[in-house]
Amino acid sequence: MDLITASGSGLDPDFSVQAAKVQVKRIAKVRNIGESKLLELIDRQTEKPLFGLFGPEKINVLKLNIALDNLK
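62 is the number that the working numbering gives to position 1 of the sequence shown; each next residue is one higher, with no gaps.
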């Protein structure tokens, strides 16, 4: 849902794990990496809720892109 409802500014630093996983096939193809490797990276980059209670799991887009760049 965040892919559709993200802020108009485009400056949101995070999106949901589900939003990341929706894009796995496309990103894996563009980056020429295996889908399973990308899913592992998404799991490592997932930030848990504060104290395990408050808020959803999320992924920082910039950190994920940097991690993807460092795979090469």
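A virtual CB, placed ideally from N, CA and C, is assigned to each residue, including glycine.
All values reported here derive from a predicted model rather than from experimental measurement.
>> Taking 8 Å as the limit between beta carbons, can you name the residues of its chain near residue 128, skipping five residues before and five after?
In response: Closer than 8 Å at the Cβ level, and outside the excluded window around residue 128, lie 102, 105 and 106.
> Looking at the unbroken alpha helix (DSSP H) that takes in residue 126, where does it start and where does it end?
Replying inline: Counted as a single uninterrupted DSSP element, the alpha helix (DSSP H) harbouring residue 126 occupies residues 122-130.
> Roughly how many whole angstroms lie between the Cα atoms of residue 124 and residue 88?
Replying inline: Rounded to whole angstroms, residue 124 to residue 88 spans 15 Å at the Cα level.
> Can you check whether the CB of residue 75 is closer than 7 Å to the CB of residue 126?
Replying inline: No, these two residues do not count as a Cβ contact at 7 Å.
>> Along the chain, where does the alpha helix (DSSP H) containing residue 104 start, and where does it finish?
In response: From DSSP, the alpha helix (DSSP H) with residue 104 extends over 96-106.
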